[in-house]
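Enquirer:
Numbering (mature numbering (1 follows the signal peptide of the UniProt record, and there is no 0)), first residue to last: -24 to -1, 1 to 420.
Encoded structure:
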């Protein structure tokens, strides 16, 4: 074979050798950078594994993920880290994911450091002690940014419009801070790829739910509780057909719950509690994927329709402190996944069925006009509160069928007869209130 035929093989071997040396140099550089980061945080005990003397392979260090021997991810949540983010973090040239949540970081948003992370796609600074205003040029973060979580800090001031200038953003979480004024609704509404938006728990200026948000048709999670929303739930939001969670609780919403909410095919979690919503409960409910419904502390009226009994995935139903009337369809008490029912402080009538779903653990139904008896068989029932109703029964003779009870509270009813001796079989019982009834006989 001629020398010219061997030339590509030789060149290829040289290139592979150079590539290997380059990769080795990058790996060594990242290892040194991690040591510098640890030093920048004051050598905390949570990062003791970051020591080349005890483990030369930096890719095995706690919270470090590598690709091709270079660091691509730092997952340092719950590491008791304090102070600011060391400048050396963005010396990791291939860093795409940085999770510093649930630490004790303090000070202002570390813009000068983080703007240098040119490949960052995931940034989580939530649950720290960061404060001050967000920088007006926060859009200088990596253009590849998909997930930005700044929730549960002490940021203040207005939310800069530039936060919505990150074109790849899929998750924007700004909830539970001290933001004030108007938020950049029009700009956020242009984030066509946004799937998760959380603005809850801020002192924004009173305003309706922005019509601009109706354009966020990929949203699966919309959290806007406790942020001074006024007005009605807009019909325009019916365009958000991918929503699985809608939380507009603890605001100043008025008007009726629009019909589209109860037709939403993908909705799983609906939280509208603590508003001033009026109108009747729906007659037609086809949102059969609902898992949790909380409409408590409103001014809703009407009766519960049989359609609620078709919500086979429902685990949590909370309607307390409304003006709802009528009986509860028996099918609701038999929903297979139902665990918690909170319906106190309404105007319900009718009786509980003798047998309820085996998964129900908590029933709070005080201050209504229920009649009938306590469930006779409910093996998993842990708490039963039915004070100030019209229960006109005797206590179940065999209390052992309520063996999981920890709390039984039925004062101010019309319960008669003796306290059964089998009540002593309720070994988990911590709280018992039978006062204000017509019980007779000795206390076991």
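The C-beta atom is built at its ideal place from N, Cα and C for all residues, glycine as well. Since the structure is predicted, the reported quantities are computational estimates derived from the model, not experimental observations.
Would you decide whether residue 418 is buried or exposed? Buried here means 16 or more other CB atoms lie within 10 Å of its CB.
Expert: So residue 418 ends up on the exposed side.
Enquirer: Distance, Cα to Cα, residue 392 vs residue 271?
Expert: Rounded to the nearest angstrom, the two C-alpha atoms are 34 Å apart.
Enquirer: Which residue or residues does DSSP assign as beta-bridge partners of residue 384?
Expert: The partner list for residue 384 (beta bridge, DSSP) reads 360 and 408.
Enquirer: How is residue 113 classed by DSSP in three states: helix, strand or coil?
Expert: Coil, per DSSP.
Enquirer: The beta strand (DSSP E) that contains residue 392, what's its start and end?
Expert: Residue 392 -> beta strand (DSSP E) spans 392 to 394.
Enquirer: Ordered along the chain, which non-local residues of its own chain (more than five positions away) have a Cβ less than 7 Å from that of residue 405?
Expert: Cβ neighbours of residue 405 beyond the five flanking positions: 381, 382 and 384.
Enquirer: Quick one: using the 10 Å Cβ neighbour count with 16 as the cut-off for buried, is residue 88 buried or exposed?
Expert: Classification for residue 88: exposed.
Enquirer: Which full runs of the alpha helix (DSSP H) of 4+ residues lie inside the segment 205 to 234, going along the chain?
Expert: Whole alpha helix (DSSP H) segments, 4+ residues: zero.
Enquirer: Taking the CB atoms as reference points, tell me whether residue 8 and residue 23 lie closer together than 8 Å.
Expert: Not closer than 8 Å, so no.
Enquirer: Figure out for me which residue from 131, 166 and 152 has the closest Cα to the Cα of residue 142.
Expert: Cα-wise, what sits closest to residue 142 is 166.
Enquirer: Suppose you measure from the CA of residue 210 to the CA of residue 106; what does that come to, to the nearest Å?
Expert: Going from the Cα of residue 210 to the Cα of residue 106 covers about 34 Å.
Enquirer: What three-state label does DSSP hand residue 238 in the structure shown?
Expert: Helix.
Enquirer: In chain order, what residues of the same chain have a beta carbon less than 6 Å from the beta carbon of residue 174, not counting five sequence neighbours either side?
Expert: Excluding residues within five positions, the ones whose Cβ falls inside 6 Å are 149, 151 and 199.
Enquirer: Should residue 320 go down as buried or exposed, given a rule of 16 or more other Cβ atoms within 10 Å for buried?
Expert: When all chains shown are included, residue 320 counts as buried.
Enquirer: Looking at the secondary structure, which residues open and close the beta strand (DSSP E) in which residue 416 lies?
Expert: Start and end: 414 to 416.
Enquirer: Quick check on the burial criterion: 16 or more other C-beta atoms within 10 angstroms. Buried or exposed for residue 373?
Expert: Exposed is the call here.
Enquirer: Less than 8 Å between the C-beta atoms of residue 342 and residue 362, yes or no?
Expert: Yes, these two residues count as a Cβ contact at 8 Å.
Enquirer: List the whole-angstrom C-beta distance separating residue 99 from residue 74, where the pair is believed to meet the contact cut-off of C-beta under 8 Å.
Expert: Between residue 74 and residue 99 the Cβ distance is about 5 Å, and since that is below 8 Å, they are a contact.
Enquirer: Candidates 371, 25, 191 and 159: which alpha carbon is nearest residue 177's?
Expert: It is 159 whose Cα lies nearest to the Cα of residue 177.
Enquirer: Quick one: grab the DSSP three-state call for residue 6.
Expert: Residue state, collapsed to three classes: helix.
Enquirer: Mind checking which residues open and close the beta strand (DSSP E) that includes residue 339?
Expert: Run containing residue 339: 338 to 340, per the beta strand (DSSP E) assignment.
Enquirer: Taking all protein chains shown into account, do 16 or more other C-beta atoms lie within 10 angstroms of the C-beta of residue 411, making it buried, or fewer, making it exposed?
Expert: Classification for residue 411: exposed.
Enquirer: Given that a residue counts as buried once 16 or more other Cβ atoms are within 10 Å of its Cβ, and exposed if not, what is residue 161?
Expert: Per the 10 Å Cβ criterion, buried.
Enquirer: Once DSSP output is grouped into helix, strand and coil, what is the label at residue 39?
Expert: DSSP places residue 39 in coil when its eight states are reduced to three.
Enquirer: Here's a check: name, in chain order, each residue in its chain whose Cβ is nearer than 8 Å to the Cβ of residue 82, leaving out the five neighbours to either side.
Expert: Once the five neighbours on either side are set aside, the close Cβ partners of residue 82 are 58, 59, 60, 104, 105, 106 and 107.
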